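There are 2 protein chains.
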Amino acid sequence: MQPRLKDVAERAGVSIKTVSNVVNGYEFVKPETRARVEQAIADLNYRPNLSARNLRSGRSGVIALAVPDLDIPYFAELATHVITAADRHGWTVLIDQTQAERSRERVVVSGIRAHLIDGLLFSPLALTGSDLAQRADVTPMVLLGERVGRAPYDHVGIDNVVAARQATTHLAELGRRRIAAIGARRAASGATARLRLRGYRQALAEAGLEENPALVAHVQAYHRADGARAMAALLDSGAAPDAVFCMNDTLALGAMRTLLARGVRVPEDVALFGFDDIEDGRFSTPSLSTMSPDKQGIAETAVELLARRLSAGAAGRPEEVCASHRLVARESTLGRTATAP
Amino acid sequence: MQPRLKDVAERAGVSIKTVSNVVNGYEFVKPETRARVEQAIADLNYRPNLSARNLRSGRSGVIALAVPDLDIPYFAELATHVITAADRHGWTVLIDQTQAERSRERVVVSGIRAHLIDGLLFSPLALTGSDLAQRADVTPMVLLGERVGRAPYDHVGIDNVVAARQATTHLAELGRRRIAAIGARRAASGATARLRLRGYRQALAEAGLEENPALVAHVQAYHRADGARAMAALLDSGAAPDAVFCMNDTLALGAMRTLLARGVRVPEDVALFGFDDIEDGRFSTPSLSTMSPDKQGIAETAVELLARRLSAGAAGRPEEVCASHRLVARESTLGRTATAP
DNA sequence: CGGGGGATTTACAACGTTAGATACATCGAT
DNA sequence: ATCGATGTATCTAACGTTGTAAATCCCCCG
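Heads up: the sequence lines are chains A and B, in that order.
Here the first sequence is numbered in this note's numbering, starting from 285 and rising by one per residue.
Here the second sequence is numbered in this note's numbering, starting from 285 and rising by one per residue.
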C-alpha cells in the first residue's frame, strides 16, 4: 500500500495537516519540524494522491490535446510542443485521437473527460458550428487550427487564405501557368481546405491565370497515399499541370512519390509546394518547398490562453490569435541550386 | 457548478446510491426507476467525477506511455496503436516524452505520476539496469523495446539480433560486399544499437565478409539529420560502401538524402536498408527497404500485459514477449523493378 | 391473511487530501 | 507575573463517489 499523509505524520510525530503544510510549502513550519517531516517523506517515498487532491481542489493538473491522428507528422510535432509548453505550467497532457471523425470529435467536445481534465486544446477537422454551439460541457477549451462557427472560444490559427495565396503566388512567379491544387474536400466540414483553396484562387486571379476545375484535386484524407492517388489522377486526366500546391506536406510527399515514380522531374517538369513544414519535407529529394506555420508559437499561445481561462474563470471575451507563417522555398520549386537543408 | 450524484438524485426523487447504481449498471433497479434516473442524468448533463471515483476505487483509468519523442515517427505510430488498444480497455493514455535523456527517464520510472496513472508503458533508451533496480514505485510497468538489466518487469520487444542479421544478409545476398552500418552509439546505454550491431556482424561473418570498423558510423541521436551527417562522413572517409544498414528508418532517410544530393544512385551505387517501417519510407523515392516490427502487436501485447498486472496484482513472473518482424524489400535495395507501394 | 424471500432501495462509512477555525506555545512589553 | 501578539500545530469538515449492510417493498405460497 502506498504511504499516505497519515503514515508520514505518524512517523514524523506530527499531525496530518502539518505534513500537508510541509508538502504544500506553507510558510509557518518550524525548520526543525519541516526537516523531520521531509525525512519521513523521503523514508517512506511518499507521493501525494492526486485523485484525493483533485477531489478537494477541483483541479487535476491534466489537460487534453485532441488531434486527428498522431500519425500525421504535423500533429505529432504540434503535440511535442504542447507537451513542452504544458510542462512549464506543471500540467500533464493527455492525447485524444479523433481520426478526424465527426462522431469522435463530438464526443471529445461533449466533455467525455470532464472532471479528469482541467482544459482542452482541440484541433477540429470535421466538427460543425452547431456541434460546438450545443456544447454543454464547461471545461475551458481553446481551438487550434480552424475556427469553427461562431462559438465563443479562444482560437489560435494562422491566416490560411493569405498563406495559400503566397504559396500559389510563389509558383506563379516562377513562371508556372498550369498550377494545380491537391487537397480540396467534398465534406462540408473541410474549413481549412476551403480557406486554402480561396487563397489559391486569389493568387491565380492576381497572376492573371484562369481557374481550371480540372486542376483541383479532391481527397478523402490528408495522408501520403491520398496525395499519391490525387497526383496520379491529375496526370492521367491530361490536365498537364506544371506546378502543384498541396494543402499539406504529406499530400505533397505522396504526390512527389507519384511524380518521380513516373519519371516526371521535380521541379523541372512540375514544381511542388506543400504546407506545414514537417521534418520529412526537409530531407526528401528534392526537398519540399512549404509554408511553415509557427508550430511552437501556436502551441505556446494555446497553452497560455488556456492558462488564462483557468485562472480568470470563464471571464473575458474569446481571443482570436493569428500565429505567423513563413514561406520556405526549397528544391521542389527552386531546383538543386538551393542550399541543402 | 457541475451536477453531482446528489443533484441527480434529488431531481429523480431517489437516493444517491440508486443513481450510482444506475450509472454503474447495477442489475436490480426497477426499469421505471432507471428511466427516471436516466432522464435526470440527461437533463442535468451529469458526468461522474473521476477524481472522486478514483479516490474511492484506487484506480484512475489512465495509463502513461513514456517514449523518447513523438517527433520520431516510429514512436508516433506506436503511440497511436497504444491509444487504440488502451481505449478498448477503457483507459486513457497520457504521454511522457523523455527526450531519450537518462535524467528524464529516471523521473518517469521513479513514479512521478504515482496515483495519477494505473500503469506505465515505458520505452527506455538511456536507462541503466541499476536505475531500474532502484525503482521504488509500485505502479505496474511494462517495458517496450529493449530489455534493461535484470529487473523483473514484463517486456515486449523483437529479436533485434536476428532482425538485424536478416537485414544485413539481405544486402549480402544482393551481392554487396562493403556493407556499412549507421547508428552505433557510444553511450553505454544504447542497448538496441548494440544488439542490432551484433546481428549485423553475425551476418557479415556468415557471408564471409570481413568486418571493417571504418564502415560503422556512430551517431548522437536517431533523427534524419544524424543519418545525413553520418552518411556524409562515410562517403568522405573513403570507406566506399556499396550498401548501408541503418538502425532505423529516419537515419536511413537522412542517409538517402545525402546520397541523392551527391548524385550517388540508390540502389545501383549504394543499397539502403532501414528499420521500423515508418510510413515515410513507403513514399520516399526510392522507397525504403526496411525491417518491419509488428507495431500493432507490440502495442496490443503491452497493453494486455499491463491489464493482466492490474487485475492479478503483482503476482506472476515477469513475462518476456517477442513480437514478430518481417523484412520488407523495396526499391532502395531491389531497384525500380519492385511494385510501387 | 401471515410469512418467506427475492427484488429494490437506502443509510453510512470510507477513500486521501486541504481550507478554515481553533488551540497551544513562545516571547517581548507592560 | 500577565497580556497581547505572533508563530506554530492540530482539529474538523468537507470534496463526490462506491462497497457493505441493512431496510423496505412486493409477490406468491400455504
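Ideal Cβ placement from N, Cα and C applies to all residues, glycine included.
The structure displayed is predicted, hence computed values, not measured ones.
inquiry  = Check this for me: beta carbons of A336 (chain A) and R331 (chain B), under 9 angstroms apart or not?
reply    = no
message = Buried or exposed, going by whether 16 or more other CB atoms sit within 10 Å of the CB of A369 (chain B)?
response = buried
task = Verify whether the separation of the beta carbon atoms of A501 (chain B) and A517 (chain B) is less than 9 angstroms.
result = yes
key: Residue-level contact to chain B via CB, T368 (chain A), 9 angstroms cutoff   = yes
message = Distance cutoff 9 angstroms, beta carbons only. Does R541 (chain A) sit that close to anything in chain B?
response = yes
query = Does DSSP classify P577 (chain A) as helix, strand or coil?
reply = Reduced to three states, the DSSP call for P577 (chain A) is strand.
query = Cβ of T364 (chain A) less than 9 angstroms from any chain B Cβ?
reply = yes
message = In this structure, how does DSSP classify L378 (chain B) when only helix, strand and coil are distinguished?
response = L378 (chain B): strand per DSSP, three-state reduction.
message = Since D438 (chain B) and P602 (chain B) should fall inside the 8 angstroms C-beta cutoff, what is the C-beta to C-beta distance between them, to a whole number of angstroms?
response = 5 angstroms
request  = Alpha carbon to alpha carbon, how far is S568 (chain A) from R646 (chain B)? Give it in angstroms, no decimals.
outcome  = What is shown of chain B runs 285 to 625, which leaves residue 646 (chain B) out entirely.
query = In this structure, does DSSP put A420 (chain A) in helix, strand or coil?
reply = coil
request  = Enumerate in chain order the residues of its own chain whose CB-to-CB distance from S608 (chain A) is below 6 angstroms, with the five nearest sequence positions on each side excluded.
outcome  = D578
task = Look at the Cβ atom of A509 (chain A), then the Cβ atom of S573 (chain A), and state whether they are nearer than 9 angstroms.
result = no
message = Among B:I466, B:I442, B:R485, B:R434, whose alpha-carbon lies nearest the alpha-carbon of A636 (chain B)?
response = No answer is possible for residue 636 (chain B): it lies beyond the span of chain B, which begins at 285 and ends at 625.
key: Closer than 9 angstroms to chain B by CB, D355 (chain A)   = Closer than 9 angstroms to some Cβ of chain B, the Cβ of D355 (chain A) qualifies, so yes.
task = Please report how far the alpha carbon of S616 (chain A) lies from the alpha carbon of G459 (chain B), in whole angstroms.
result = Put simply, the backbone Cα of S616 (chain A) is about 34 angstroms away from that of G459 (chain B).
ask   = By how many angstroms is the C-alpha of S387 (chain A) removed from the C-alpha of T453 (chain A)?
value = 37 angstroms
request  = Check L405 (chain A) in the structure and name its three-state DSSP category.
outcome  = Three-state DSSP puts L405 (chain A) in a strand.
ask   = What number of angstroms, rounded off, separates the C-alpha of T412 (chain A) from the C-alpha of G433 (chain A)?
value = Their backbone Cα atoms lie some 7 angstroms apart in a straight line.
query = On the three-state DSSP scale, how would you describe D438 (chain A)?
reply = strand
Contacting positions in the region 296-329 of chain A - beta carbon closer than 9 angstroms to chain B = N329
ask   = Assuming P525 (chain A) and A464 (chain A) make a contact with CB atoms under 8 angstroms, what is their CB distance in whole Å?
value = 4 angstroms
task = Return no unless some Cβ of chain A is closer than 9 angstroms to the Cβ of E457 (chain B).
result = no
message = So with CB distances below 8 angstroms, who are the chain B contacts of V377 (chain A)?
response = L378, I379
ask   = Three or more beta-carbon pairs under 8 angstroms between the region 354-367 of chain B and the region 377-385 of chain B, yes or no?
value = yes
ask   = Counting only runs that start and end within the region 296-383 of chain A, where is the beta strand (DSSP E) found for 3 or more residues in a row?
value = Segments of the beta strand (DSSP E) lying fully in the region 296-383 of chain A: 346-351, 376-381.
task = Report yes if the C-beta distance between D564 (chain A) and N532 (chain A) is below 9 angstroms; otherwise report no.
result = In this structure, the beta-carbon distance from D564 (chain A) to N532 (chain A) does not fall below 9 angstroms.
query = What first and last residue would you give for the alpha helix (DSSP H) that runs through N604 (chain A)?
reply = It should be noted that the sequence gives Glu, not Asn, for residue 604 (chain A). Where E604 (chain A) is concerned, there is no enclosing alpha helix (DSSP H), although the beta strand (DSSP E) it sits in stretches over 604-607.
query = First and last residue of the alpha helix (DSSP H) that includes G483 (chain A)?
reply = 475-490
task = For P625 (chain A), decide whether its Cβ has a neighbour in chain B, counting only Cβ atoms nearer than 9 angstroms.
result = A caution first: P625 (chain A) carries a pLDDT of 47, below 50, which makes its placement in the model too unreliable to give a value.
query = Residue range of the alpha helix (DSSP H) that M425 (chain B) falls in?
reply = M425 (chain B) -> not in any alpha helix (DSSP H); beta strand (DSSP E) instead, spanning 425-428.
task = Drop a sphere of 10 angstroms on the beta-carbon of R390 (chain A), count the other beta-carbons inside from all chains shown, and report buried for 16 or more, exposed for fewer.
result = buried
key: Host alpha helix (DSSP H) of L556 (chain A) (start-end)   = From DSSP, L556 (chain A) is part of no alpha helix (DSSP H) but of the beta strand (DSSP E) over 555-557.
query = Is V587 (chain A) close to chain B, meaning its C-beta is less than 9 angstroms from at least one C-beta of that chain?
reply = no
key: Assigned exposure category for P497 (chain B) - 16 Cβ within 10 Å defines buried   = exposed
message = Buried or exposed, going by whether 16 or more other CB atoms sit within 10 Å of the CB of D415 (chain B)?
response = Buried, by the Cβ-count rule.
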